[in-house]
Each structure stands twice: as C-alpha cells, then as structure tokens.
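Peer 1: Numbered according to the working numbering, the sequence shown spans residues 2 to 367.
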Amino acid sequence: MDKRITCKDCGIDFVFTEGEQAFYKERGFTEPLICNECRKVKGLIRSEYIKYFNPSIGGSNSDRKKRIYHYTSPPGLYAILSNASIRFTDCQFLNDKSEYKHIEKSLKIAYSKIKANLVNDFEPIFNIIAKNEFETESMKFLSPNDSQLTFEITKKRYYVFCASDAPDSLGMWNYYVKNDRYQGYNLGFSVYQILRNFAKIKNPEIEIFYGTIIYDESTQISVLEELFFEYDQILEVKLRQSSSYEEHQVVHDEILGEMLEQIEGYRLFFKNDSFSDEREYRFVIRMPVEYVSKKDDYLMMGYDIRNGIIVPHCDLSFSRANAISTLRLSPMLEYELAKQGLLRFLHFNGYGDKIMIEKSEIPIRY
Numbered sequence: 002m003d004k005r006i007t008c009k010d011c012g013i014d015f016v017f018t019e020g021e022q023a024f025y026k027e028r029g030f031t032e033p034l035i036c037n038e039c040r041k042v043k044g045l046i047r048s049e050y051i052k053y054f055n056p057s058i059g060g061s062n063s064d065r066k067k068r069i070y071h072y073t074s075p076p077g078l079y080a081i082l083s084n085a086s087i088r089f090t091d092c093q094f095l096n097d098k099s100e101y102k103h104i105e106k107s108l109k110i111a112y113s114k115i116k117a118n119l120v121n122d123f124e125p126i127f128n129i130i131a132k133n134e135f136e137t138e139s140m141k142f143l144s145p146n147d148s149q150l151t152f153e154i155t156k157k158r159y160y161v162f163c164a165s166d167a168p169d170s171l172g173m174w175n176y177y178v179k180n181d182r183y184q185g186y187n188l189g190f191s192v193y194q195i196l197r198n199f200a201k202i203k204n205p206e207i208e209i210f211y212g213t214i215i216y217d218e219s220t221q222i223s224v225l226e227e228l229f230f231e232y233d234q235i236l237e238v239k240l241r242q243s244s245s246y247e248e249h250q251v252v253h254d255e256i257l258g259e260m261l262e263q264i265e266g267y268r269l270f271f272k273n274d275s276f277s278d279e280r281e282y283r284f285v286i287r288m289p290v291e292y293v294s295k296k297d298d299y300l301m302m303g304y305d306i307r308n309g310i311i312v313p314h315c316d317l318s319f320s321r322a323n324a325i326s327t328l329r330l331s332p333m334l335e336y337e338l339a340k341q342g343l344l345r346f347l348h349f350n351g352y353g354d355k356i357m358i359e360k361s362e363i364p365i366r367y
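1. Out of curiosity, what's the CA-to-CA distance linking residue 76 and residue 184?
2. Taking just the CA atoms, how far does residue 40 sit from residue 32?
3. Which runs of the beta strand (DSSP E) spanning at least 3 residues fall entirely within the segment 231–307, listed in chain order?
4. Among the residues of its own chain, which have a CB less than 8 Å from the CB of residue 64, if the five just before and after it don't count?
5. Assuming residue 84 contacts residue 316 (C-beta within less than 8 Å), just tell me the rounded distance between them.
6. Measuring CB to CB, does residue 71 end up less than 8 Å from residue 271?
7. Could you check the C-alpha separation between residue 126 and residue 69 for me, to the nearest Å?
8. Does DSSP put residue 173 in a helix, in a strand, or in coil?
9. Using DSSP's beta-bridge definition, name the partner residues of residue 212.
10. Looking at the ligand ZN, does it come within less than 7 Å of residue 15, judged from the CB to the closest heavy atom?
11. Grab the span of the alpha helix (DSSP H) containing residue 70 for me, first residue to last.
12. Hey, out of 154, 118, 112 and 105, whose CA is closest to residue 132's CA?
13. Applying the 10 Å Cβ sphere with the 16-neighbour rule, what's the burial state of residue 9?
14. Can you say whether residue 73 is buried or exposed, counting buried as having 16 or more other CB atoms within 10 angstroms of its CB?
15. According to DSSP, simplified to helix, strand and coil, what is residue 103?
16. Please classify residue 304 as buried or exposed, where buried requires at least 16 other C-beta atoms within 10 Å of its C-beta.
17. Among 14, 197 and 82, whose alpha-carbon lies nearest the alpha-carbon of residue 342?
18. Rounded to the nearest angstrom, how far is the Cβ of residue 290 from that of residue 157, given a contact under 8 Å?
19. Going by beta-carbon coordinates alone, are residue 283 and residue 168 separated by less than 8 Å?
20. Rounded to the nearest angstrom, how far is the Cβ of residue 87 from that of residue 162, given a contact under 8 Å?
21. Assess contact between the segment 254–267 and the segment 317–324, defined as three or more Cβ pairs (one per stretch) separated by less than 8 Å. Is contact present?
22. Which stretch, first to last residue, makes up the alpha helix (DSSP H) that contains residue 197?
23. What does a CB cutoff of less than 7 Å around residue 111 pick up in its chain, not counting 5 residues either side in sequence?
Here you go:
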C-alpha cells in the first residue's frame, strides 16, 4: 500500500507509492527523504544562476541550513505576512548610501599588494568602479556570424534583501524605536526555503547571490587578491588561445567584463566594520533593467514611497506553509496581547500554527 513520508526539506508530506516502494526495494535503495519537488529544487539551487557570493571562504552548503532574521516595523510585518512576500530594494536606495563605494579602498590596497606578481594590467577596472554607477552591463557572446564574433549587452540593476544571523539583537531592535518604545518584530527564515522560491524563477537573465556580509578589511583585501590572481590566470590562458588581434581584443574585454561583474557583486557584500554588530546576511538579485513582471510571477516589480522618495523594488513570493519558522517580538511590546493578535492574523492569512511566536530576552525596563 502507499506510504506517506514527511519531506525533511520542506516539511510537507508526500506519497511514496506501492509501485515506487517495490522499485526501490528491488534496486536496494533506501526510502526517499525528500519529495520530488525539493529534489528538482536542489538541482536548480546548484545552477549557475543561484550563487553563494564568495565560495572561496566556504559556507555555501552549510548556509542553506541556516536560519536568518529579518527585522522590521509593524507595518513592514503586516505587509510581509499579508502578501506572503519579501521585498528587495534597488541598491541605489539603501539606507547606507556609502556602502556601494566601500569596496574602492580595499580594491586599491589589494591590487597594489599583488600588482607586481600579475601578468596583465587591470587598471581600467578602477576607472569603471570609481564611477559608482548603479547600472551594470552583462555581455553575452553569440554564435559567430560570417566569421565575426558578435555579442549583446544587457543593462542590469541590483536589488537587496537584508537580514541578520542574530536572533535577538539590541542593536537591530534600536532601529525600531518609536515614541521612546521598541516597536519591532523579526521573522526567522530558512535560507534554503528562500533559495527554494528563487529556484522557481525561470528567467535565465536573473541571477541570485546570497551570503554573509564581510566587515573585516583584511578579509576583504584577501578575497580581492584571490580574485585578481584567478582572473589574471584565466585571461592569460584565453589570450594565448586567441588567433587574431580582433579575437584578442574581444577575449580581453570579455574576461575583464566578467571580472567587473564579480567585483560589482562584491560591492554589496562588503561593509564598513562599524556596522559589524548587525551581523548582516544578504540576498541580492541582479536582473535586467527592462524586466517586466507578469501577473502571478514569483518576482514582481513595483514602487513604494519612503521618506518622500519613490523607491523601486521587487517582491519575491514565498510559501505560507514553511518559509517562516519563528516570529519574535521586540523588547517592551505587551507580549501576551501582541501574541494573541499575531496568532489570529497568521491564521486569517493561511499560515497555520507552525510559526513559533517568541519574546525578546533582552531585559529592558524602559
């Protein structure tokens, strides 16, 4: 007879049919631990479009099991739960206007330290980085036409969702003080469940990066030194394989373009050490400027108003069944009353009873 198994990844039951059981037994396989949908998602998460931002420092696989916490205001919480979506803000409109420039200092130090050991000249990159343009260009080479190399350029922008790996941080709660009282919440998300929703996006022009912010300047410099060495070797090999001056130039521009794309992505994962108490964890979407969302897309473009300014964003839908694991209230909120209101609101919006409501343990009187 058929058997019901709870998927260890998404927590939803799936049917292990009698025929499948016989097949597994005949082949000597153990029972499946995850459902077919999660198995497909795992393959998509390993794809080139969903990337741990810096594999050289490790963490990709273990991070997928990590729980992260998005701190937000009461209206922010209301919007997230009502719409079952999280918001990614255009990087030009982030609260810390200096962070997009922060990489410049580390980049210059890294290059000056290893320049003598590089074969190729990467000085042109600095002029582009210094412009601090929020639109980047992605170059895709097409099939040769009449023996000439052709390519197309797509303009793209970055959108950012910020969280923290600190479940109960006074520094983070301090952003949500109103009328001398703490009025904030945080939502505990599984990194894997967020990636799971990204994997449903079928547009190959949309890329996702995720990982922990690097605050330490020496680590930033070390990461960039590795990047210079890596692309120096790639460029040298490719240039040796080129057979004409035209191809030589095209290869040179292609490799420098790829390196520039990576540095542009690193911009959004390097921050000043003064922000290190935030313990920030980030998801970044790189998508075409001309992207137009359609009804029922998992990723929807939109605009809202913040401090009198119209801010572009995109919203990623998530599953009400398993995306959120915890919901924590800030210090000083009237816990029991707030909890009862939340439980009813969660039930009203179809979240069931799996989300744990927790109280901040930070002992603040007033």
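Glycine is no exception: its CB is placed at the ideal position from the N, C-alpha and C atoms.
Peer 2: Here's the rundown:
1. Each residue's Cα considered, the two are about 10 Å apart.
2. Distance between the alpha carbons of residue 32 and residue 40: 14 Å.
3. Whole beta strand (DSSP E) segments, 3+ residues: 281–289 and 300–307.
4. Answer for residue 64: 53, 192, 211, 212 and 213, listed in chain order.
5. Rounded, the Cβ-Cβ distance is 7 Å, consistent with contact.
6. It is not a contact, given that the beta carbons lie outside the stated cut-off.
7. Approximately 34 Å between the Cα atoms of the pair.
8. In the displayed model, residue 173 falls within a helix according to three-state DSSP.
9. 283.
10. This structure does not include the ligand ZN; it has no bound ligands of any sort.
11. Per DSSP, residue 70 belongs to no alpha helix (DSSP H); it is in the beta strand (DSSP E), 68–73.
12. Checked all of 154, 118, 112 and 105; the closest Cα to residue 132 is 105.
13. The residue in question, residue 9, is exposed, as its Cβ has fewer than 16 Cβ neighbours within 10 Å.
14. By the 10 Å Cβ count, residue 73 comes out buried.
15. Judged by DSSP in its simplified three-state form, residue 103 adopts coil rather than helix or strand.
16. Residue environment analysis places residue 304 among the exposed positions, since fewer than 16 neighbouring C-beta atoms fall within 10 angstroms of its C-beta.
17. Nearest of 14, 197 and 82 to residue 342, Cα basis: 82.
18. Your pair residue 290 and residue 157 checks out as a contact, with CB atoms roughly 6 Å apart and the cut at 8 Å.
19. Not in contact: residue 283 and residue 168 (Cβ atoms no closer than 8 Å).
20. Contact holds; Cβ gap of about 6 Å.
21. Two segments are said to touch when three or more pairs of C-beta atoms, one from each, lie closer than 8 Å; by this definition the segment 254–267 does not touch the segment 317–324.
22. Looking at the DSSP string, the run of the alpha helix (DSSP H) that includes residue 197 is 192–199.
23. The answer, listed in chain order, is 222, 225, 226 and 229.
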